[in-house]
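In my numbering, the protein residues as written are 155 to 697.
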């Protein structure tokens, strides 16, 4: 039976409120003189026009809602495949893959470092066979897929391309994103493997390969999400994310690419927190800043290079184990901020994620939250509905000003990589996180159910638990794979990969990685080979 992919019904042609009041596509202040209107448009622009403060598309959600892309993946490829099909059947319109920790740092499920972590925080993927199982029955030319993977992004994309080939899908038809944002791993998250220089080589190799072979693929999702999860402020999230983005563009230029070669396929990934109006202004300010950076700093000529397109996930760090039903309200506010801020795709967290991996029921509620906002709230009927609000415009300007001041300071230090190596960005985030935690502990900030309005109840939610047998099953699958593959071919390819990785950076590694995964080399074997050549990154201790 063919999988029925979740799709939106056609958007209606006429927009009006429940009282029959027409809803205009976009609103500007009434009664402006020609000169005032010119000044207004110069500052804010119109939706779909530079500097994109008001959105990257002229019609935004009136023609098509944002992609509802729930992040999912746990245990085995078979179980995650079932969750994907459940979500698609419930109306989700894009896939987002969560990988387990061993996969994120380039270890196979049977490596000693993987012990106890297989399938725990995402799906275990060690081989092409695993990824083929993950997407079994899901036509890759019909869905777009986001893969939250960084250090091994090139290998997972190679596997995805190979799975597409098995399905008869030309790489040129594949749509999706790999996060591929290694700089924020050094800043905030920690799933780096190699030192920065070879890591950036993998990043730019992926840029160059996709430009020629997978042109519809977003080659990086530059992440402020994890910066915010580590404790940054909204201003820091914008500033440090765009500083990283500047570093990636500069690395691409150094690798021989032009700004317009990569600009149209850059994507961003932001957090949505509880301060509704600040979050909306944050997204508007980020768009305007990036448009100016690409046009004025990097002299990109293609308007598509100026657009900041972004995915949003609601704030995981805001969820509480206490009174988890309150998380539904938090997520609703955060999702609303993302939509009013003009996101292109959205993941809504589940109410139970402070306690465990999300249950199927909780995931459905999270998806329904997006659908209710999209179809019942009316906020998608006009573009940038809060534009012109004195407070929102003030916040937008102030976030832009403060974020630019951070970017200027990082530039003066020599750029994002130098600032990371000096520990500057990490310290700024740590200081912000400390200040917030002190404010909660001293009751300056109210966290409902945590420091105010507590109840003496134990949560009664039914939690999802990953069966420990998953790890043994993965080990058995890997043993069977190694027994049936062409061992001599694998050994030969390991030698080729070692030579290529140790050679000049001008040789793009993606074509060889595709050959390697198609020969059933595992992720761990590929990364083990690269570790032998490049070594591992060891951060300096920050005090």
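Heads up, the beta-carbon is just placed ideally off N, CA and C, and yes, glycines get one too.
Query raised in the report: Given a threshold of 16 other Cβ atoms within 10 Å of its Cβ, counted over all protein chains shown, does residue 686 qualify as buried or as exposed?
Result: Residue environment analysis places residue 686 among the exposed positions, since fewer than 16 neighbouring C-beta atoms fall within 10 angstroms of its C-beta.
Query raised in the report: Of all the options 600, 269, 370 and 239, which has the alpha carbon lying nearest to the alpha carbon of residue 295?
Result: Residue 370 holds the alpha-carbon nearest to the alpha-carbon of residue 295 among 600, 269, 370 and 239.
Query raised in the report: So which of 546, 528, 630 and 224 has the shortest CA-CA distance to residue 246?
Result: Closest by alpha carbon: 224.
Query raised in the report: Once you ignore the five residues that flank residue 174 on each side, which residues in its own chain have a CB closer than 6 Å to its CB?
Result: Same-chain partners within the cutoff: there are none.
Query raised in the report: What is the DSSP secondary structure of residue 528, reduced to helix, strand or coil?
Result: Helix.
Query - Inter-stretch contact (C-beta, 8 Å, three-pair minimum) for the region 504 to 523 and the region 468 to 485 - result: The region 504 to 523 vs the region 468 to 485: in contact.
Query raised in the report: Which term fits residue 694, buried or exposed, when burial requires 16 or more other beta carbons within 10 angstroms of its beta carbon?
Result: Within 10 angstroms of the beta-carbon of residue 694 lie fewer than 16 other beta-carbons, which makes it exposed.
Requested in this report: With DSSP as the reference, label residue 519 as helix, strand or coil.
Outcome: Helix.
Query raised in the report: Is the number of C-beta pairs between the region 554 to 567 and the region 383 to 400 that are closer than 8 Å three or more?
Result: By the Cβ rule, the region 554 to 567 counts as touching the region 383 to 400, because three or more pairs are nearer than 8 Å.
Query raised in the report: If you drop the 5 nearest sequence neighbours on each side, which residues of the same chain put their C-beta closer than 6 Å to that of residue 643?
Result: Non-local beta-carbon contacts of residue 643 in its own chain, meaning distances under 6 Å to residues more than five positions away in sequence, involve 673 in chain order.
Query raised in the report: Where do the ends of the alpha helix (DSSP H) carrying residue 354 lie?
Result: Its alpha helix (DSSP H) spans residues 350 to 367.
Query raised in the report: Roughly how many angstroms separate the alpha carbons of residue 536 and residue 398, rounded to a whole number?
Result: Their backbone Cα atoms lie some 32 Å apart in a straight line.
Requested in this report: Excluding the 5 residues preceding and the 5 following residue 670 in the sequence, name in chain order all residues of the same chain whose CB lies nearer than 7 Å to its CB.
Outcome: Close CB contacts of residue 670 within its chain, under the 7 Å cut and outside five residues either way in sequence, are with 647, 651 and 680 (chain order).
Query - Alpha-carbon to alpha-carbon, residue 477 and residue 614 - result: Spanning the two alpha carbons is a distance of roughly 10 Å.
Query raised in the report: Counting only runs that start and end within the region 251 to 314, where is the alpha helix (DSSP H) found for 4 or more residues in a row?
Result: Fully enclosed alpha helix (DSSP H) runs of 4 or longer: 255 to 258 and 282 to 288.
Query - Nearest candidate by alpha-carbon position, reference residue 678, set 207, 181, 256 and 251 - result: For residue 678, the nearest C-alpha among the options comes from 256.
**Report entry** Residue environment, residue 155, which counts as buried when at least 16 other CB atoms sit within 10 Å
**Finding:** The predicted position of residue 155 is uncertain, since its pLDDT is 40 and thus under 50; a value taken from the coordinates is nonetheless stated next. Result: exposed.
Query raised in the report: Of all the options 348, 494, 665 and 465, which has the alpha carbon lying nearest to the alpha carbon of residue 689?
Result: Of 348, 494, 665 and 465, the smallest CA-CA separation from residue 689 is found for 348.
Requested in this report: Check whether the Cβ atoms of residue 459 and residue 410 sit closer than 8 Å, and answer yes or no.
Outcome: With a cutoff of 8 Å on beta-carbon distance, residue 459 and residue 410 are scored as not near each other.
**Report entry** Bridge partner(s) assigned by DSSP for residue 372
**Finding:** Residue 372 has 331 as its beta-bridge partners, per DSSP.
Query raised in the report: Quick one: complete alpha helix (DSSP H) runs, 4+ long, within the region 421 to 488?
Result: Under the rule that a run must span 4 or more residues, the alpha helix (DSSP H) segments found entirely inside the region 421 to 488 read 430 to 446 and 457 to 460.
Query - residue 161 versus residue 285: straight-line alpha-carbon distance, rounded - result: Summary for residue 161: the model assigns pLDDT 46, below 50, so the residue's position carries little reliability, and this model does not support an answer.
Requested in this report: Just the C-alpha distance for residue 283 and residue 667, rounded to the nearest angstrom, thanks.
Outcome: About 15 Å.
Query raised in the report: Does the beta carbon of residue 247 fall short of 7 Å from some heavy atom of the ligand SAH?
Result: For the ligand SAH, the structure offers nothing, since it holds no ligand at all.
Query raised in the report: Any Cβ of chain B within less than 8 Å of the Cβ of residue 424?
Result: Reference to chain B is not applicable here, since this structure consists of a single protein chain.
Query raised in the report: Thinking just about the alpha-carbon of each residue, which of 353, 326, 328 and 645 is nearest to the one in residue 338?
Result: Shortest Cα-Cα distance from residue 338 to any of 353, 326, 328 and 645 involves 353.
Report task. Apply the 10 Å Cβ neighbour rule to residue 265 and answer buried if 16 or more other Cβ atoms are within range, or exposed otherwise. Result -> Residue environment analysis places residue 265 among the buried positions, since at least 16 neighbouring C-beta atoms fall within 10 angstroms of its C-beta.
Report task. Using alpha carbons as the reference points, say which of 461, 444 and 515 lies closest to residue 479. Result -> Of the candidates 461, 444 and 515, the one whose C-alpha sits nearest the C-alpha of residue 479 is 515.
Query raised in the report: Do you know offhand how far residue 206's Cα is from residue 288's?
Result: Computed Cα separation, rounded: 37 Å.
**Report entry** First and last residue of the uninterrupted beta strand (DSSP E) at residue 500
**Finding:** Element bounds for residue 500: 499 to 501.
Requested in this report: Measure the C-alpha to C-alpha separation of residue 164 and residue 529 and round it to an integer number of angstroms.
Outcome: Unreliable placement is indicated for residue 164, whose pLDDT of 48 sits below 50; no coordinate value is reported for it.
Requested in this report: Whole angstroms is fine: what's the gap from residue 326's alpha carbon to residue 609's?
Outcome: If you draw a straight line from the Cα of residue 326 to the Cα of residue 609, it comes to about 55 Å.
Query raised in the report: residue 638: which of 675, 541, 301 and 656 sits nearest, CA to CA?
Result: For residue 638, the closest C-alpha among the options 675, 541, 301 and 656 is that of 675.
Query raised in the report: Where DSSP assigns a beta bridge to residue 222, which residues make up the other side?
Result: According to DSSP, residue 222 bridges with 500.
Query raised in the report: Relative to the alpha-carbon of residue 304, which residue among 335, 276 and 565 has its alpha-carbon at the smallest distance?
Result: The option with the nearest alpha carbon to residue 304 is 335.
Query raised in the report: Which full runs of the alpha helix (DSSP H) of 4+ residues lie inside the region 541 to 581, going along the chain?
Result: Unbroken alpha helix (DSSP H) runs of no fewer than 4 residues, entirely contained in the region 541 to 581, are found at 544 to 566 and 570 to 575, following chain order.
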